[in-house]
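J.:
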Amino acid sequence: MHGDESTATMALFDVFNFFKANGYEKYKDTVLKNCTIYFMPMVNPDGAEVFERRNIFGIDINRDAVRQQTPEGIILRSTFEKLKAGFGFNLHDQSTRYSVGNSFNSAAISFLAPVTNYEKSVNNVRDNAIKLISEMYLMLSKTISGHIAKYSDEFEPRAFGDNFQKWGTSTILIETGGWKDDAEKQFLRKINFITLLASFESIANENYKNFENTTYEEIPLNDNYIIDLVLRNLETSKNGKKYLVDLGINLEERNYNNAKDFYYKSSVEDLGDLSVFYGYTDVDLKGMSIEPGKVFENSFDSLEEISKLNFNDLYRQGFTTVIYNGKHEKPFTSLPINISLSKIIKPANSISMGIRPNFVIKKANLVKYVVINGFLLDVENKTGEIKNGAVYK
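All letters in the sequence shown, in the order written, are residues 7 to 399 by the numbering used here.
(1) Mark Asn379 as exposed unless 16 or more other C-beta atoms lie within 10 angstroms of its C-beta, in which case mark it buried.
(2) Give every residue of the same chain whose Cβ lies closer than 6 Å to the Cβ of Thr175, excluding the five residues on either side of it in the sequence, and list them in chain order.
(3) Expressed to the nearest angstrom, what Euclidean distance is found between the alpha-carbon atoms of Ala114 and Lys191?
(4) Taking its Cβ as the centre, do 16 or more other Cβ atoms sit within 10 Å of Leu38, making it buried, or is it exposed?
(5) Counting C-beta neighbours from all protein chains within 10 Å, is the total for Tyr124 16 or more, i.e. buried, or is it exposed?
(6) Can you tell me the Cβ-Cβ gap for Leu89 and Phe45, rounded? I've got them flagged as a contact below 8 Å.
(7) What's the C-alpha gap between Ile232 and Tyr284?
(8) Skipping 5 residues on each side, what residues in its chain have a beta carbon closer than 7 Å to that of Lys248?
(9) Spatial neighbours of Gly324 within its chain, please: C-beta separation below 7 Å, excluding the five flanking residues on both sides.
(10) Whole angstroms are fine: how far does the CA of Thr287 sit from the CA of Arg103?
(11) Suppose the cutoff is 7 Å on Cβ atoms and the five residues either side in sequence are ignored; what does the same chain contact list for Glu11 look like?
(12) Hey, Phe86 and Ile180: beta-carbon distance below 8 Å or not?
(13) Give, in chain order, every unbroken run of the alpha helix (DSSP H) that is at least 4 residues long and sits entirely within the stretch 135-201.
(14) Just to confirm before moving on: does the CB-CB distance between Tyr269 and Leu347 stay below 8 Å?
(15) Do His153 and Ser205 have their beta-carbon atoms positioned less than 8 Å apart in this structure?
(16) Suppose the cutoff is 8 Å on Cβ atoms and the five residues either side in sequence are ignored; what does the same chain contact list for Ser356 look like?
(17) Which residue comes first and which comes last in the alpha helix (DSSP H) that contains Thr102?
(18) Kindly say whether Asp290, judged by its beta-carbon, lies nearer than 8 Å to any beta-carbon of chain B.
(19) Please list the terminal residues of the continuous alpha helix (DSSP H) segment that includes Ser313.
(20) So, for Cys41: in the same chain, excluding its five sequence neighbours on each side, which residues have a beta-carbon less than 7 Å away from its beta-carbon?
(21) Apart from the five residues on each side of it in sequence, which residues of its chain come closer than 7 Å, Cβ to Cβ, to Phe25?
(22) In angstroms with no decimal places, state the Cα-to-Cα distance between Lys369 and Pro342.
(23) For the candidate residues Met294, Lys314 and Asp276, whose alpha-carbon lies nearest to that of Asn230?
(24) Which of the three DSSP states is assigned to Tyr222 in this structure?
(25) Taking buried to mean at least 16 other C-beta atoms within 10 Å of its own C-beta, is Arg238 buried or exposed?
(26) In or out: Arg164 buried (at least 16 other Cβ within 10 Å) or exposed?
(27) Roughly how many angstroms separate the alpha carbons of Arg83 and Val49, rounded to a whole number?
(28) Taking its Cβ as the centre, do 16 or more other Cβ atoms sit within 10 Å of Gly278, making it buried, or is it exposed?
(29) Compute the distance between the beta-carbons of Lys388 and Asn318, then report whether it is under 8 Å.
(30) Just to confirm the assignment, what range does the beta strand (DSSP E) spanning Lys271 have?
(31) Around the C-beta of Lys336, are 16 or more other C-beta atoms found within 10 angstroms, so that it is buried, or is it exposed?
(32) Short of 6 Å in beta carbon distance, which residues of its chain neighbour Asp133, apart from the five on each side in sequence? Order them along the chain.
(33) Going along the chain, which unbroken runs of the beta strand (DSSP E) with 3 or more residues stay wholly within the stretch 300-374?
(34) Taking C-beta to C-beta, are Met7 and Asn68 nearer than 8 Å?
(35) What did DSSP end up calling Ala71 once you bin it into helix, strand or coil?
(36) Which residue wins for smallest C-alpha separation from Asn213, given the options Phe161, Met145, Phe170 and Asp159?
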C-alpha cells in the first residue's frame, strides 16, 4: 500500500515463483481449481521509487478510498469494483518497535479484520475475515509463538481496508513488524509467504469456517515497549550528584541519493527507569559509568588520513569524534567515528533526551564500551558494528 513498506511485495514475488516452479502440485490444484487470485504487488510505485509512504503529490493513498483524488487510489478502487472478491489481503509494514501487548516480544506480524463502523459490529463479511485470521494465528504460533499481535481496530472511514470490508470483501490486514537481527525483514518475508499460501488453501477448501472468533478476540493488541538499544544500570553525575539510569536509543533509517542509499541517524529516546521496556540489543552495565564522548584535538586534511587511524586506541581514550578540515556533502560517514567539519560545532556534551548519542562507558576509569551515533561497540572484545558515523556541520 505504501511506498516505504516493501516486505509483502517481496513475498508476493516469492508466491509467483512458487506457482511457476515444479512441485506441490496437489496444493496448487486445490487452490487454482477453487480460487482465482488477483495481485496488485505495488500500489504506490512513485512512493516506492523514493522509499516514501506517500505518493508524488504527498497524499497518503490509504486515506483516499472515498474522495478518490489520486490516480493510484482510483486504480485500486476500480479494480476492487471489477473483481468484488470474496477475500482481500491488505499488506503493510508497521513499526519494528511494536510489542505484543505489554510483553518484551516484538510484534513480528499483526493481523486485523478491519471494522466497518465506529460500533465495530461484526457481519458475515467481517466474520469470515476474523475466522481466517484465527486460523493463521494458530498456524503461525507454531513458528513465531508470542510474536503475533492484533493491530488497532479503530475505525478509519477514509481507509481502503475498512471500506473494502464495508463494501463486501472479507479483508485481512497483515502488518509486518520487527524481528531481532532481521533488519531487512528477510525472515519476515518468509512468514508473509507462508501466511499467504496457507490462507489461499484455507479459502479454497473453506477450512477457515471451522475456527472460532474467540481465538481472534484473544490475540494481544500492539503496544509500544520495544527500543532498538537499551543500556541498563549506568551511573552518571550532574552537579556533583550521582544517578543510576537506563538509556534507550533508537536508530532511524534516512534516505540518501534519491533513496538509492540510506544511513542511520540515532537519538536518545528515553532515560531513567526503563524496566518496562525491552531492547533488541539489551545490555546490563551495572557497575559502569557513562559520560559524553570527546572530540579529538588534532584536525585532519583528508578522509584517507582519518581512515588510517587506530580507532580502538581513540575509543580507549574516550574520543568519539574527529575534526575534518575538508568538505563533506553527505550527512553521514562510513568511517566508524563521527566527523566534525568545524572546530566550533561539536556534538552535544551531555546525556539528555533527543540528542544524538555519542558516549563512553567506563569501569574503574577504563573505557569498556563506546556509543557512536547510537551504535554500541565493545572496546575490549572489539565486537559490535558502527554502521555509519554522524557528520556535524
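Just so it is clear, CB atoms sit at the ideal spot from N, CA and C, and this is done for glycine as well.
Every value quoted in this text rests on a predicted model; they were computed, and no experiment measured them.
T.: To lay it out plainly:
(1) Flag for Asn379 reads buried.
(2) Ala91 and Gly94
(3) 10 Å
(4) exposed
(5) exposed
(6) That pair is no contact at about 11 Å.
(7) 5 Å
(8) Glu241
(9) Gly299, Lys300, Val366 and Val373
(10) C-alpha separation (whole angstroms): 12 Å.
(11) His98 and Asp99
(12) no
(13) Those alpha helix (DSSP H) runs which fall completely within the stretch 135-201 and span 4+ residues are 166-172.
(14) no
(15) no
(16) Pro298
(17) No alpha helix (DSSP H) holds Thr102; DSSP gives it neither H nor E.
(18) Annotation note: the requested chain B is absent from the structure, which comprises a single protein chain.
(19) Where Ser313 is concerned, the enclosing alpha helix (DSSP H) stretches over Leu309 to Ser313.
(20) Phe206, Ile209 and Ala210
(21) Lys34
(22) Linking Lys369 to Pro342 through their CA atoms gives a straight-line distance of about 22 Å.
(23) Asp276
(24) helix
(25) buried
(26) exposed
(27) Rounded to the nearest angstrom, the two C-alpha atoms are 11 Å apart.
(28) exposed
(29) yes
(30) Asp267 to Gly278
(31) exposed
(32) Cβ contact annotation for Asp133 (same chain, cutoff 6 Å, sequence separation greater than five): none.
(33) 300-306, 325-330, 344-346 and 365-369
(34) Result yes, Cβ atoms of Met7 and Asn68 sit closer than 8 Å.
(35) Looking at Ala71 - three-state DSSP - the assignment turns out to be coil, as it is neither helix nor strand.
(36) Met145
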